[in-house]
Amino acid sequence: MLGYLGTGFPVIQFGDSIFKSMVPVSLVDQFSTVTILALEMPEPNLKVVIDYLRCFPCLEKLNIKFNVNIWTSLEPGLHRDPFASIKCLDHSLETIVLQSYDGLKTHVEFAKFFVMGAKVLSVMKFCCRRVCTTRWIQNQQTAQFGEKSFKACSVCFCK
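Residues in the sequence shown are numbered from 1 upward in steps of one, following full-length UniProt numbering.
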């Protein structure tokens, strides 16, 4: 167990595969025995997360921790290409935990990518930095994601 992979590591090498500042730059192997991955990043970056997901095809649980208070906007137009398969999203990723979630538009778009794209997702947990009222949680579930998105998985909001 490594703990969180984060931006604090300039270079990480697993066997012949090399990651620089959290970005896979030289991938020789996929890591098919890894089932739990924890990432720490300053803001939501789908491109980096997608690059990691491609490295871990049997991933079952993904924990993402954001370590700053303000999230900037996501890259415009970054959407999953339906023809570019990400094996763990299609077959094994069952649990996702997002820490420091505040329900801002960038948070919602980041989470929506996984809610809509992970085919076997059964648990989506949002760890919020503020108190979650019943009304706020309902707004997150219906107004921003839509009821349809959450029917296939259990959603949990916690402080």
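Glycine included, C-beta positions come from ideal geometry on N, C-alpha and C.
Paired residues, beta bridge with residue i - DSSP
i: Ile137; result: Beta-bridge pairing links Ile137 to no other residue.
i: Ile64; result: Leu39, Leu98
i: Cys156; result: Lys125
Alpha-carbon to alpha-carbon, residue j and residue i
i: Ser154; j: Ser17; result: 35 Å
i: Trp71; j: Thr33; result: For Trp71, the pLDDT reaches just 48, beneath the cut-off of 50, and the residue's location in the model is therefore unreliable, leaving the point undetermined.
i: Asp102; j: Trp136; result: 10 Å
i: Ile64; j: Tyr52; result: 12 Å
i: Glu40; j: Phe110; result: 14 Å
i: Gln141; j: Thr133; result: 12 Å
i: Thr95; j: Leu62; result: 6 Å
i: Gly46; j: Cys88; result: Reading off the sequence, residue 46 comes out as Leu, not Gly. Using only the alpha carbons, I get a separation of about 15 Å.
i: Phe56; j: Phe114; result: 16 Å
First and last residue of the uninterrupted alpha helix (DSSP H) at residue i
i: Cys55; result: 46-55
i: Thr106; result: 105-117
CB contact flag (residue i, residue j, <8 Å)
i: Ser85; j: Val120; result: no
i: Lys125; j: Cys156; result: yes
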